[in-house]
């Protein structure tokens, strides 16, 4: 028989039946059900196992505060561990499995933990498992880890996508219950831009769960009408299935919209979820309240749930958790549950009310001044034992028990910026404190107004005040009639003398654990939480923190607010990591920047390499080449022999213009630029203010008041930022303007003895760039290919006769093709970053590995470049003693004594015969390569006292990679040390 | 966070890059007798107040202005945003 | 009272009535030989080693709130000694060695778990840097291993290598690295210090220093004046706030670092893993939660909370290497305030005021340093000379130009 516990009425669509499976067994439910309501309808109360003792558990709530009924939803790559059955919308074909149990939910081997629970009291693990020390990682910890944890991941990539979005509003209303609806209507009608968000799939909050009439109609009908009105307003955005996760600075709220979680799979091209960043002028928290349980012996059996949750199941989902239901309460709300159950024909076996002066029931018995002392039913509740006011014991059979200990306002978001809740004795609960996030207001049950009437009025009133701030006016509120019963509650937190009364059901924290924490001096709330794990479970303590605090207050002999307050951090409910990541995953984790010659390089079969966000050609293999070294060696040799071309667009380019441009560069670079003639380029070394090398590059003077500065690829952005800082903050009256033109110019290095001949075919005829007319370090604005504007620099990173030619980026592809075509007669080769690296190491040029953020001009062998005659960034602090020691590290070259040996970067250097340890470290190799020109491996790096040790044989060690052999200290300039080639 | 750019209006802080205390504007005189000491203090010592803090933000994803933002380091409330260039001039910096 | 398996069983059978307070709540006395300001991991460790190792007495730890409520309880619990520079590596290796014997020493199971830490390598230049670092570690007596991508995939078969924006080209592993149950470190040191007679005084906020003629003779607190021969500040995160009361400016900025934990999961990650092309590192706690973090928010802050952009950035990093994490839920986020120093390295030193000592500037390396920081600070306090592993952690290193800059970012604290 199916859905034996289904009642009449409710907000489900009985015209359609949905099939689903739980632990392999087939069930049916209806649209509008959650997984929990559908399982309860099918008389399934057992849905999970607890974290520590693997106790059998069923749903305790009907919402996102659920600690017990958490399951693995879906299968395969879409498996979602720890999903609340109480919020998972039922869809046709849904598959869910219980978790944290083996071999089955009904029989769980680790249920043995429950029998051993006296040994597993709070904090027991801090006191044992220490002997022998080695056993922790090998034995104890794996054992604990296997037993711990909850659900499991699929280990497969998440197949769904997630989006991010940005919204702006005058008023964000958080929660679509009576307070939120009243506020949204008010603000919407006044013309404010309103967002109304609610975590539920049907707005209405408690209106959907109660039987009170609103304006003469069922509460949920009124709510549906209100939502329809709001949806019609163009200035209002109604967002169901949307949880406001956190209140961040300056009115920014994070929100998660579950776009597709109610479907078997997302619709085509639709994301699973969207993370919204909502920029609000005001926010109104109308998130309602969460009912809290009472702790008593064995209060965790499947079938024991919050009384308000029972009402939700009965009224909204037309489900009773059992045919015989009892109630345990300290307030009038419990009686309401009994009344609603009776109205649906469910047998109420008793209402046990802790208050001696509890009201009489209708057609159900009320045990006044009674408490529950125990319960029975291993896998589901079968009965309770109650102690009556006169001390008598009653055994009452029931399959479900509704418990109400009062309501806690949902203050979580008020705490996200450090606000502390305040104690309200009238409702014996914490309400929002005075330090709310700026421009946040609170209304309804979240603010302690626990009646429907109170919710409507405080919601509308809060909206009015916000409209005032916004300068909008609203018509006088026309609020519906609604119940306004008093809150009759006598605080009652736990039944004393219970052996095991569960406070935090998911983490299995008992009242006794709280007392033990006190006994061991873990008395502050923070210590209590951390020592016992109270409130640290996936439900974030929404139903447990208060009772823990109350019990601690009791044993400490203090009032609850004296002991502390409950605090909350984002997110409001646990949120998929995928949603925070959005589209930034896999190949789209970060943007890809491509060089102007990328398409051409792809055609040539280039191998690409990631350089920051850039993709650059690493080498260009030819048919038949089987190893990357073959390609790279060929590119190097051919460039040095004839000519090669390399795309160097990724280097940063900054245009510097203005009357003070030269003066400005004088401040930026440690070496002088004031006297650089027009038409000349100079190498420049930039220091940070702390005297450490920041970046190097060239500055070309195209006119008196116009320079082009190049930076390394890695520092292009940072150097520009730094230059703007110097310009705007340090020398604000300098007549100089900067703009980054990195993306505006495609730039190619043309290097090798035939570089000039090649370029002659490209550069327009009226430019003289003979060696005399355009010598080493010359620069000019020219035209190429019959009138295309271009810039030509005679600079060389490779050490060869070389130029860099720049054309507007959109001509980059055409330019590389033109250069290759023009070079055909010289057997031109394209070369990639590897060959570029080899040639610069052969030439001894510093690059990123050498400019590692700790090296100075002195270390780089450019100490004398730091001009003492002018003020430049970093010049003063570069004079500190620690940066100028006699044996300072200096850049030198290394050649292996046995020419077959490598000189790997990252190796350290030791004096021959000395001990090999950190105390005797002499330096390290920064860059290394195989030099096809020298026929052996070479390296450059930093060595104490540097050149002074030229010719010394030292020991190169890399214990990490098993290398230990001798190298000779040589000049870092392995090729053409005199620089004849680049001046040729 | 939102920064109310004096020219562009409120912008998400994500468009900006943070540098640090606005005292970095007050770069010492390189020719002062105790220049090394002054530069050491300038470069390394910070007030690091709990409360109001004047600090430098660069609008990297925008108009490339350096701004001096006055922000409370406890509440993150921003009370003033100025162009750093204006502040620098006001504090006597020139060429 | 000694903790033991036997004691646990005995108490289990007798209703846990025999457990006493893990530490006493002491009332402040009028004066001490040593007053340590800050009941975090470092302060409590300092008190413990001062009493036990250096056999000093009349020691108090004063704490503004509850012990262990600051960064020792707000970090991602990682321990490691995979540092590059000689100023740092011996110190962190000393710390790791102390971790290895900590539980027996303290008689408290802080769950020191040497499950290994792995830094992923994504480029050739990064490999060069990691080789240099791995060698520096070995030369300093630590352990390091360079792993190939294949070796990494054996341990982490679900790493995204096939569809990754940045290729994984190997990794640098330190097998002795791992995690520790962070709160237990504070409690374990507190309990052990207490047993050595240290007074732990909670809810006692320092309001000022009594300084006369360039010498400090005690502290003013919300619970009255407490005299001390030596006053030891140990409040990383709040160092500037505290030392301002002694008229000191520090080479430190306070920044917020967020950290995150997921819902509990059955075993996923065997060790600690660090993404090298984004900001993400992750391990799994014994309870099953994935504990992860990334970069600081980047602006000066004393608010123990951050903002969304960094949450997103960190999760992007996580998804980049572990695309299976998409459906795992982030349970909680929190922020800790870091003493971000000017070179990314800490300070353990005397101040220019006699009798006033300073320990701070830990950036986000403070947790792993806890034992060595306490030990070295105790050494300094007891002997007035720096401990051999902490000789570089001096105030004057900036004036001398002897920065210890692991990341090479210079005097901009938010970049370290």
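Chains as they are written, first to last, in our numbering: chain A, 1 to 984; chain B, 1001 to 1095; chain C, 2001 to 2416. By construction, the Cβ of each residue, glycine as well, lies at the ideal position given by its N, Cα and C atoms.
- Within the DSSP bridge table, the entry for residue 279 of chain A names A:168, A:252 as partners.
- For residue 1081 of chain B, none of the residues of chain A pass the 7 Å Cβ criterion, the least Cβ distance being about 12 Å.
- Within the same chain, and ignoring the five residues on either side of residue 417 of chain A in sequence, the residues whose Cβ sits closer than 7 Å to its Cβ are 247, 437.
- If you look at residue 1057 of chain B, you'll find it in the beta strand (DSSP E) that goes 1052–1058.
- Unbroken beta strand (DSSP E) runs of no fewer than 3 residues, entirely contained in the region 352–438 of chain A, are found at 366–368, 371–376, 383–387, 393–397, 400–404, 407–409, 422–424, 429–431, following chain order.
- Cβ contact annotation for residue 464 of chain A (same chain, cutoff 8 Å, sequence separation greater than five): 186, 474, 477, in chain order.
- Chain A places no beta carbon closer than 8 Å to that of residue 2027 of chain C, leaving this residue out of the contacts.
- Sequence-distant partners of residue 2208 of chain C (beyond 5 residues in either direction) whose C-beta falls short of 6 Å from its own C-beta, in its chain, are 2220, 2245.
- A distance of 8 Å or more separates the beta carbons of residue 101 of chain A and residue 92 of chain A.
- Sequence-ordered contacts of the region 88–119 of chain A with chain C read 118, 119 [C-beta pairs closer than 7 Å].
- The three-state secondary structure of residue 1021 of chain B, taken from DSSP, is strand.
- In the three-state reduction of the DSSP assignment, residue 1010 of chain B falls in the strand class.
- In the same chain as residue 2324 of chain C, and ignoring 5 residues on each side of it, the C-beta atoms closer than 6 Å to its own belong to 2158, in chain order.
- Two segments are said to touch when three or more pairs of C-beta atoms, one from each, lie closer than 8 Å; by this definition the region 966–981 of chain A does not touch the region 831–838 of chain A.
- By the rule that beta-carbons nearer than 8 Å mark a contact, residue 875 of chain A touches chain B.
- Relative to residue 563 of chain A, the option among A:550, A:456, A:770, A:569 whose CA is nearest is A:550.
- Straight-line spacing of the CA atoms in residue 396 of chain A and residue 57 of chain A works out to 20 Å.
- Taken in chain order, the complete alpha helix (DSSP H) segments of 4 or more residues contained in the region 2162–2235 of chain C are 2182–2195.
- Residue C:2061 holds the alpha-carbon nearest to the alpha-carbon of residue 2189 of chain C among C:2205, C:2061, C:2019.
- Interface residue (Cβ-Cβ distance to chain C less than 8 Å): residue 1004 of chain B is not classified as such.
- Residues of chain C with a Cβ closer than 7 Å to the Cβ of residue 1074 of chain B are, in chain order, 2302, 2303.
- Look at the region 1026–1049 of chain B: the residues with a C-beta under 9 Å from a C-beta of chain A are 1027, 1028, 1029, 1030, 1031, 1035, 1036, 1038, 1039, 1040, 1042, 1043, 1044.
- At the C-beta level, residue 2333 of chain C and residue 2311 of chain C come within 8 Å of one another.
- Cβ neighbours of residue 1074 of chain B within its own chain (closer than 8 Å, five residues either side excluded): 1050, 1051.
- Of all C-beta pairs linking the region 842–853 of chain A to the region 615–633 of chain A, fewer than three are shorter than 8 Å, placing the two stretches out of contact.
- In the structure shown, the three-state DSSP call for residue 505 of chain A is coil.
- The C-beta separation of residue 117 of chain A from residue 87 of chain A comes to about 30 Å, leaving the pair out of contact by the 8 Å criterion.
- At least one beta carbon of chain C lies nearer than 8 Å to the beta carbon of residue 417 of chain A.
- Pairing residue 2101 of chain C with residue 2114 of chain C, the inter-Cα distance amounts to about 12 Å.
- Chain C has no Cβ within less than 8 Å of the Cβ of residue 1062 of chain B.
- Of the candidates A:949, A:889, A:866, A:905, A:905 places its Cα closest to the Cα of residue 2125 of chain C.
- For residue 456 of chain A, the enclosing alpha helix (DSSP H) stretches over residues 452–470.
- For the alpha helix (DSSP H) assignment, the uninterrupted runs of no fewer than 4 residues enclosed by the region 737–799 of chain A are, from N- to C-terminal side, 755–760.
- Exclusion of the five residues before and after residue 2145 of chain C leaves 2134, 2172, 2173, 2174, 2175 as the residues of its chain whose Cβ lies within less than 8 Å of its Cβ.
- Contact residues of the region 2365–2379 of chain C toward chain B are absent (C-beta to C-beta distance below 8 Å).
- In the three-state reduction of the DSSP assignment, residue 2243 of chain C falls in the helix class, which pools H, G and I.
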